[in-house]
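Chemist:
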Amino acid sequence: MPLLFDRKLSAIGLLGFVLAVAGCHSEQAVSLSPEKSADVRVKTVSAITTDVDKKTFQPATVLAYYETEIRCKVSGFVAELNVDMGDFVQKGDPLAVLDIPELRKKQRTLDARIELLVAKEEGAASGVDLAEASVQSAKAQLEQAKSELGSVQASLAAAEAEFDRTNDLVQRGSLQNRILDEVRKKRDSATAGLGAIKSAVVSAEAEVAVAVASKAAAAAKLRSAQAETKVGRGELDELLVLIEYATLKAPFDGVITERNVNLGDLVDGQLNAGSDSLFVLSQIDKVRIHIPVPEMDAPFVQRGDSVNIRFPSFASEPALAASVSRIAESLDPKTRTMIVEAEVENTDRKWLPGMFGEASIDLETKVAVNMLPSRAVRFDESGQAYVYLVSEDNTVQVTTVTTGLDTGNEIEILTGMVAGQRVIDGHLKRFTDGQRVDPL
Numbered sequence: 001m002p003l004l005f006d007r008k009l010s011a012i013g014l015l016g017f018v019l020a021v022a023g024c025h026s027e028q029a030v031s032l033s034p035e036k037s038a039d040v041r042v043k044t045v046s047a048i049t050t051d052v053d054k055k056t057f058q059p060a061t062v063l064a065y066y067e068t069e070i071r072c073k074v075s076g077f078v079a080e081l082n083v084d085m086g087d088f089v090q091k092g093d094p095l096a097v098l099d100i101p102e103l104r105k106k107q108r109t110l111d112a113r114i115e116l117l118v119a120k121e122e123g124a125a126s127g128v129d130l131a132e133a134s135v136q137s138a139k140a141q142l143e144q145a146k147s148e149l150g151s152v153q154a155s156l157a158a159a160e161a162e163f164d165r166t167n168d169l170v171q172r173g174s175l176q177n178r179i180l181d182e183v184r185k186k187r188d189s190a191t192a193g194l195g196a197i198k199s200a201v202v203s204a205e206a207e208v209a210v211a212v213a214s215k216a217a218a219a220a221k222l223r224s225a226q227a228e229t230k231v232g233r234g235e236l237d238e239l240l241v242l243i244e245y246a247t248l249k250a251p252f253d254g255v256i257t258e259r260n261v262n263l264g265d266l267v268d269g270q271l272n273a274g275s276d277s278l279f280v281l282s283q284i285d286k287v288r289i290h291i292p293v294p295e296m297d298a299p300f301v302q303r304g305d306s307v308n309i310r311f312p313s314f315a316s317e318p319a320l321a322a323s324v325s326r327i328a329e330s331l332d333p334k335t336r337t338m339i340v341e342a343e344v345e346n347t348d349r350k351w352l353p354g355m356f357g358e359a360s361i362d363l364e365t366k367v368a369v370n371m372l373p374s375r376a377v378r379f380d381e382s383g384q385a386y387v388y389l390v391s392e393d394n395t396v397q398v399t400t401v402t403t404g405l406d407t408g409n410e411i412e413i414l415t416g417m418v419a420g421q422r423v424i425d426g427h428l429k430r431f432t433d434g435q436r437v438d439p440l
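Residue numbers for the sequence shown, in full-length UniProt numbering: 1 to 440.
(1) Among the candidates A38, R223, H290 and V201, whose CA atom is the shortest distance from the CA of residue 442?
(2) Helix, strand or coil for A29 per DSSP?
(3) Determine the burial state of K230: buried for a count of at least 16 other Cβ atoms within 10 Å of its Cβ, exposed for fewer.
(4) Tell me which residues share the same chain as V111 and place their Cβ nearer than 8 Å to its Cβ, disregarding the 5 neighbours each side in the sequence.
(5) Just reading off the beta strand (DSSP E) that Q421 is part of, what are its end residues?
(6) Between T257, P294, A246 and D253, which has its C-alpha nearest L352's C-alpha?
(7) Can you tell me where the beta strand (DSSP E) with Y386 in it begins and where it stops?
(8) Secondary structure at Q302, three-state DSSP: helix, strand or coil?
(9) Are the beta-carbon atoms belonging to R259 and E295 less than 8 Å from one another?
(10) Check P312 in the structure and name its three-state DSSP category.
(11) For Q283, count the other beta carbons within 10 Å of its own beta carbon; 16 or more makes it buried, fewer makes it exposed. Which is it?
(12) Note down, in chain order, each residue of its chain lying with its Cβ closer than 8 Å to the Cβ of G127, except the 5 sequence neighbours on either side.
(13) Using three-state DSSP, classify I413 as helix, strand or coil.
(14) Which value, in whole angstroms, describes the spacing of the CA atoms of N370 and E341?
(15) Starting from H290, follow the beta strand (DSSP E) in both directions and report where the run begins and ends.
(16) Take the Cβ of V418 as the centre, count every other Cβ of all protein chains shown within 10 Å, and call the residue buried at 16 or more, exposed below.
(17) Distance check for E392 and L32, CA to CA, integer angstroms please.
(18) Pick helix, strand or coil for A22, following the three-state DSSP scheme.
(19) With a threshold of 16 other CB atoms inside 10 Å of the CB of N308, please say whether the residue is buried or exposed.
(20) List the whole-angstrom C-beta distance separating L63 from H290, where the pair is believed to meet the contact cut-off of C-beta under 8 Å.
(21) R41: buried (16+ other C-beta within 10 angstroms of its C-beta) or exposed?
(22) Please report the Cβ distance between V287 and V344, rounded to the nearest whole angstrom; I am assuming they are in contact, meaning their Cβ atoms lie under 8 Å.
(23) Going by DSSP, name the residue or residues bridged to Y66.
(24) Going by DSSP, name the residue or residues bridged to I256.
(25) Once DSSP output is grouped into helix, strand and coil, what is the label at Y326?
(26) On the premise that S306 lies in contact with D362, defined as a C-beta separation below 8 Å, what is that separation, rounded to the nearest angstrom?
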């Protein structure tokens, strides 16, 4: 019986404890409910119109001042490999030499052909000399025939005169007819001799004409031989140019940044699009800083504008000071950015092609803009900027804004709000349109 009584007392005590705890929680819930319904206390800031040095902060990449992919124009086997990755070379240094047996054999064939053509040319020249001698000989024979013609004509004239005189004496009976017959024979002989010598003159003139024609033919043959020799030499010169391509030379001073060929490799000289280069040569004693500037800032960039570049590799060092050297004057339609370049001396080869950094370009000085603290500007998943405007009745308006200059601590507000309007400062809580807040 006492045991049953004790159990009842224990049950009553436990029930009382549960009711007491429940009562405490109920009182706590009642006391907390007013706080849940209270307006969120926030700190507000306002956009302020201020004069700032307009800058643009953009990614920067170091590029070699010049970079070229070296390929070969002829096919052959790599016989000599004179450089490797990281080697510094000077303009004209041989990088590699190819063994080109087919071209060498063709060179020997062309050399032999040119020797043959030169021999033919010399033979044709001798033919011209021989034809010239024949012309001179024929002309001499013609002159001799003409000289003999004059002598025969004189003899005939004398014979005619003697015949006339003798005939006159015979008519007067002073001489016998026998003497006239002798004189007539002498005259007729002279007449026949004149005909023969005239034929000789005509023949000599013909010989001269033949000799002159032979000389012209020999001269034409010489010109043909000379033309063939010239063509052969041209083919040889063209081949020698190709043979020179078998020695790959550095086009400028620089460093070998890639070597994609090994000793003994067969190199294809077809220069097909997309074919691998044998070497990549970069000039890095001076480098280019490549900066893509967005469309919003592109119109304000000028040659000579100050540029400061910081590199994560040298985070503890001061920014690299430079100036805008050249401007693309055109935007890439895909990225809507304009390429700006700055040149930097790099004699100690500190800045390596491919290094990444951040560049700030001074665009304008003292421009009046509306600025907000960076912590008061939010960005959604798509990158759209917005702020929490606080109206006069302390309700929130989620407002989309367009941003401009970003100094790191402050952001320029281009559209969406005006100077003097209140916005919620940095806050972990998300707010909705119409939500009431309690500004501090």
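Just so it is clear, CB atoms sit at the ideal spot from N, CA and C, and this is done for glycine as well.
Modeler: Walking through what the data contain:
(1) Because the chain in this structure spans residues 1 to 440, residue 442 falls outside the shown range and cannot be described.
(2) Residue placement at A29 is poorly supported in this model, since its pLDDT is 39, which falls under 50; the coordinates are not used for a value here.
(3) When all chains shown are included, K230 counts as exposed.
(4) The sequence given here places Asp at residue 111; Val does not occur at that position. The beta carbon of D111 sits closer than 8 Å to those of L236, all from its chain and outside the five residues before and after it, given in chain order.
(5) Per DSSP, Q421 belongs to no beta strand (DSSP E) and is neither H nor E.
(6) Of the listed residues, the one whose Cα sits closest to L352 is T257.
(7) Boundaries of the beta strand (DSSP E) harbouring Y386: A385 to V390, taken from the DSSP string.
(8) The DSSP-derived three-state label of Q302 is coil.
(9) Here R259 is not near E295, since their CB atoms are 8 Å or more apart.
(10) DSSP places P312 in helix when its eight states are reduced to three.
(11) So Q283 ends up on the buried side.
(12) Counting only Cβ-Cβ distances below 8 Å, and skipping sequence neighbours, we find A218, K221 and L222.
(13) Correct three-state label for I413: strand.
(14) The straight-line gap separating the alpha-carbon atoms of N370 and E341 is approximately 30 Å.
(15) Boundaries of the beta strand (DSSP E) harbouring H290: F279 to P294, taken from the DSSP string.
(16) In summary, V418 is exposed, with fewer than 16 beta-carbon neighbours lying within 10 Å of its beta-carbon over all protein chains present.
(17) Summary for L32: the model assigns pLDDT 39, below 50, so the residue's position carries little reliability, and this model does not support an answer.
(18) Unreliable placement is indicated for A22, whose pLDDT of 44 sits below 50; no coordinate value is reported for it.
(19) Buried.
(20) Right, the Cβ-Cβ distance comes to about 5 Å (below 8 Å), so this counts as a contact.
(21) Counting Cβ neighbours within 10 Å, R41 comes out exposed, since fewer than 16 surround it.
(22) Their Cβ separation, rounded to whole angstroms, is 5 Å, which keeps V287 and V344 in contact under 8 Å.
(23) Answer is Q283, bridged to Y66.
(24) According to DSSP, residue pairing for I256 in a beta bridge involves L281.
(25) Note that residue 326 is Arg in the sequence shown, not Tyr. DSSP, read as helix, strand or coil, puts R326 in strand.
(26) Rounded, the Cβ-Cβ distance is 4 Å, consistent with contact.
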